[in-house]
Amino acid sequence: MQFIDSGTGIVIYVYGSNSGENRQWHLFPPRDSVIKINESFSDGTPYQLYNRIVRDESNPYVLFCNASVWLGRGIAQAAEEIIQELEDLYPNWGFCGNFGERCDGRKRYTFVRMSGTNPVNSLCPKPVLTVEDNVLLLNIRNLRSHRVYLPDVKSTAGFGLVLSCEALKKELLPVVDSRLISGYFPQEERSLKHLDEDKELKRYLRDHFINHLIPTVYGQLLLSDEIDYSYLLLEKKVHTQRDLVSLFDEALSLSRRKIKPSVQIVCRTQLNRLYLLDRAVASFAAAHIEAKGLIDLSLCIVTDQSGDVLNNVCTNYRNVYPFLPIEGLFCRLSESRFSRVELLLSAIAQSKSHYLWFIDDDDFILPAAIPMICRSLSLDRDVIAVGNSVGYEETWEKAGNQQPCQETALRKLVDSKRTIIYQADGIFRAFSGENLTPICSVLFPARVLKKRVDKIRAEGDYLEDYFILLLALTSERIEVETIEEEICGISYRGKENTIREVDRSRWNFSYATFFQELFMQKGYTSPILWQLWDKAKEKPST
Numbered sequence: 016m017q018f019i020d021s022g023t024g025i026v027i028y029v030y031g032s033n034s035g036e037n038r039q040w041h042l043f044p045p046r047d048s049v050i051k052i053n054e055s056f057s058d059g060t061p062y063q064l065y066n067r068i069v070r071d072e073s074n075p076y077v078l079f080c081n082a083s084v085w086l087g088r089g090i091a092q093a094a095e096e097i098i099q100e101l102e103d104l105y106p107n108w109g110f111c112g113n114f115g116e117r118c119d120g121r122k123r124y125t126f127v128r129m130s131g132t133n134p135v136n137s138l139c140p141k142p143v144l145t146v147e148d149n150v151l152l153l154n155i156r157n158l159r160s161h162r163v164y165l166p167d168v169k170s171t172a173g174f175g176l177v178l179s180c181e182a183l184k185k186e187l188l189p190v191v192d193s194r195l196i197s198g199y200f201p202q203e204e205r206s207l208k209h210l211d212e213d214k215e216l217k218r219y220l221r222d223h224f225i226n227h228l229i230p231t232v233y234g235q236l237l238l239s240d241e242i243d244y245s246y247l248l249l250e251k252k253v254h255t256q257r258d259l260v261s262l263f264d265e266a267l268s269l270s271r272r273k274i275k276p277s278v279q280i281v282c283r284t285q286l287n288r289l290y291l292l293d294r295a296v297a298s299f300a301a302a303h304i305e306a307k308g309l310i311d312l313s314l315c316i317v318t319d320q321s322g323d324v325l326n327n328v329c330t331n332y333r334n335v336y337p338f339l340p341i342e343g344l345f346c347r348l349s350e351s352r353f354s355r356v357e358l359l360l361s362a363i364a365q366s367k368s369h370y371l372w373f374i375d376d377d378d379f380i381l382p383a384a385i386p387m388i389c390r391s392l393s394l395d396r397d398v399i400a401v402g403n404s405v406g407y408e409e410t411w412e413k414a415g416n417q418q419p420c421q422e423t424a425l426r427k428l429v430d431s432k433r434t435i436i437y438q439a440d441g442i443f444r445a446f447s448g449e450n451l452t453p454i455c456s457v458l459f460p461a462r463v464l465k466k467r468v469d470k471i472r473a474e475g476d477y478l479e480d481y482f483i484l485l486l487a488l489t490s491e492r493i494e495v496e497t498i499e500e501e502i503c504g505i506s507y508r509g510k511e512n513t514i515r516e517v518d519r520s521r522w523n524f525s526y527a528t529f530f531q532e533l534f535m536q537k538g539y540t541s542p543i544l545w546q547l548w549d550k551a552k553e554k555p556s557t
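Counting from 1 along the sequence shown, just add 15 to a position and that's the residue number in this note's numbering.
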């Protein structure tokens, strides 16, 4: 893709005023001589200046910056790399910033704002619901062709918010990327208070969207005190209210028409408790429906017990759920590895998907988990997605005359109670030497696991899920995306669960075996990862 038209280059437009500093761009020449500077300190509001740029600018891409932002040398090279990636990943991207809010309103993609704060926390472009407008890379061609022009809202603090909303209404994605790194030195720090006190901005949001909580980079903006339905009485309805999060999903789905992240659910089973497997597969089928085209979801049922019975079971589930892609993987018993480990490694070796999601037959996907997962997966970089999971203390009917591996389960759930919640951010405590993240809570990038398990022995038994997690976390340039939603349920059935075995000898031996192999892998296990956790436990000095 040709980024720069010969002789034109990329234009930087600067808006706002920072009277305390004389920017003197000529004293800080960019490394890229193709950049042109167009300073517009007092020429209208950001809304008006943006509209003029989209309408009149001849360059296909523009950097639109707040006067409080300082860009480093090499910014044009960074912009070129970002543009080339975005054109492939999100062809309907509208603009890219360096500070954005996820659509859950709980986690931000923050890069650099104030000097010495907020280290980079993402290595790849991320679609977001709303952006901060301190520095924006505008895709002029998409913005103009989709007619993304802004209303003249008499506000400065909400410019990025309004731009995000208007772009999503026209099916363009706001995105963020760490390579648009900048120093941000404002005369007055903006906050949620600035947005909350802006009545005109809140009126715009209320008139156009049904949401009463709007995720912004400064926090959740509450609109419930601004309810007013008088516009419904107008002879001609001026606005159609939309759901902002649904608009985001539609734009994200549009960007994935060419290629979607593929997720294969790997369900290990010994084919001896089909009453549990029935529930698990039903939850997978429901998840496939909830994906709504954002990801390609498939199921692999893996066992080492009986190939013939596995085929019968898969055929039965295909008949019940014809829309869910289902395959069976039969693994012969291994002489060198334990069954629970061999099943995992065989599924990894034969996977063809972008992501692997290991959910055993006694676990299940929780409702409403899939939309949040779909928004978090990435195609271009290696991202581990992890959510919350819930343990349920369950009682099932006692087994009657049911034969092993019969196709129709007979036992029914009698009682189920929530007992424990495993938080997504517990994944970082893996470097404390503790296993606090159930494997069903994690979606692994398949290519990372393939690379790591290619030459391992994996001779332990229990804690195989912890071993797989540590292999992924110690991979090169890996990233973790936490999803603060309950995505999986875990069935506890008294002493039936191996986790509750009183004799811990097999657990302890496996722990030592897996760690020994992990630390023997040169080039992967960086001591600083374990040291960081150790320092994080210490109380701050006073």
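Think of the CB as a built atom: it goes at the ideal place given N, C-alpha and C, for glycine as much as any other residue.
Where the beta strand (DSSP E) through residue i begins and ends
{"i": "Ala400", "result": "398-411"}
{"i": "Arg283", "result": "277-283"}
{"i": "Thr318", "result": "311-318"}
{"i": "Ser431", "result": "428-437"}
{"i": "Cys329", "result": "Not the beta strand (DSSP E): Cys329 falls in the alpha helix (DSSP H), residues 322-335."}
{"i": "Cys80", "result": "76-81"}
{"i": "Leu236", "result": "234-237"}
{"i": "Ile27", "result": "26-30"}
Residue i versus residue j: straight-line alpha-carbon distance, rounded
{"i": "Tyr65", "j": "Leu165", "result": "8 Å"}
{"i": "Val457", "j": "Asp222", "result": "39 Å"}
{"i": "Leu359", "j": "Ser179", "result": "42 Å"}
{"i": "Val296", "j": "Ile505", "result": "14 Å"}
{"i": "Glu305", "j": "Ser354", "result": "32 Å"}
{"i": "Ile98", "j": "Glu499", "result": "30 Å"}
{"i": "His369", "j": "Arg390", "result": "15 Å"}
{"i": "Pro340", "j": "Phe263", "result": "27 Å"}
{"i": "Glu501", "j": "Leu314", "result": "20 Å"}
{"i": "Val468", "j": "Leu216", "result": "53 Å"}
{"i": "Leu392", "j": "Asp240", "result": "35 Å"}
{"i": "Gly131", "j": "Tyr336", "result": "Confidence at Gly131 is low in this model, with a pLDDT of 40, below 50, so the placement of that residue should be treated as unreliable; the coordinate-derived value is given next. Each residue's Cα considered, the two are about 54 Å apart."}
{"i": "Leu104", "j": "Asp395", "result": "8 Å"}
{"i": "Leu183", "j": "Gly109", "result": "9 Å"}
{"i": "Leu291", "j": "Glu100", "result": "43 Å"}
{"i": "Tyr199", "j": "Gly308", "result": "38 Å"}
{"i": "Tyr474", "j": "Leu153", "result": "A small correction: the amino acid at residue 474 is Glu; Tyr does not occupy that position in the sequence shown. Between Glu474 and Leu153, the C-alpha separation is close to 53 Å."}
In DSSP terms, what residue i is bridged to
{"i": "Pro460", "result": "Tyr370"}
{"i": "Ile505", "result": "Asp378, Gly406"}
{"i": "Cys111", "result": "Leu152, Val190"}
{"i": "Phe224", "result": "Arg257"}
{"i": "Glu494", "result": "Val398"}
{"i": "Trp85", "result": "Gly198"}
{"i": "Thr452", "result": "Answer is none; Thr452 lacks a bridge partner."}
{"i": "Lys141", "result": "Val191"}
{"i": "Thr231", "result": "Gly234"}
Span of the alpha helix (DSSP H), counted from its first residue to its last, around residue i
{"i": "Thr528", "result": "520-535"}
{"i": "Cys180", "result": "174-184"}
{"i": "Gly343", "result": "Element bounds for Gly343: not the alpha helix (DSSP H) but the beta strand (DSSP E), 341-345."}
{"i": "Phe299", "result": "289-305"}
{"i": "Ile274", "result": "It is not in any alpha helix (DSSP H) - Ile274 carries neither H nor E in the DSSP assignment."}
{"i": "Ser354", "result": "354-365"}
{"i": "Asp103", "result": "90-104"}
{"i": "Asp480", "result": "479-488"}
{"i": "Pro386", "result": "384-391"}
{"i": "Pro61", "result": "61-71"}
{"i": "His209", "result": "207-211"}
{"i": "Lys550", "result": "542-552"}
Assumed close pair residue i, residue j - CB separation to whole angstroms, cut-off 8 Å
{"i": "Val302", "j": "Ile399", "result": "What sits at residue 302 in the sequence shown is Ala, not Val. So it is not a contact: roughly 19 Å between Cβ atoms."}
{"i": "Glu96", "j": "Arg156", "result": "Rounded, the Cβ-Cβ distance is 18 Å, inconsistent with contact."}
{"i": "Ala439", "j": "Val401", "result": "5 Å"}
{"i": "Val146", "j": "Gly115", "result": "4 Å"}
{"i": "Leu207", "j": "Val150", "result": "Their Cβ separation, rounded to whole angstroms, is 20 Å, which puts Leu207 and Val150 out of contact at 8 Å."}
{"i": "Trp372", "j": "Arg508", "result": "That pair is no contact at about 22 Å."}
{"i": "Ser270", "j": "Pro106", "result": "6 Å"}
Local Cβ density within 10 Å of residue i, reported as buried at 16 or more and exposed below that
{"i": "Thr489", "result": "buried"}
{"i": "Thr318", "result": "buried"}
{"i": "Leu210", "result": "buried"}
{"i": "Pro382", "result": "exposed"}
{"i": "Thr561", "result": "No statement about residue 561 is possible, as the shown extent of the chain runs from 16 to 557 and does not include it."}
{"i": "Asn81", "result": "buried"}
{"i": "Gln546", "result": "exposed"}
{"i": "Val517", "result": "exposed"}
{"i": "Ile385", "result": "buried"}
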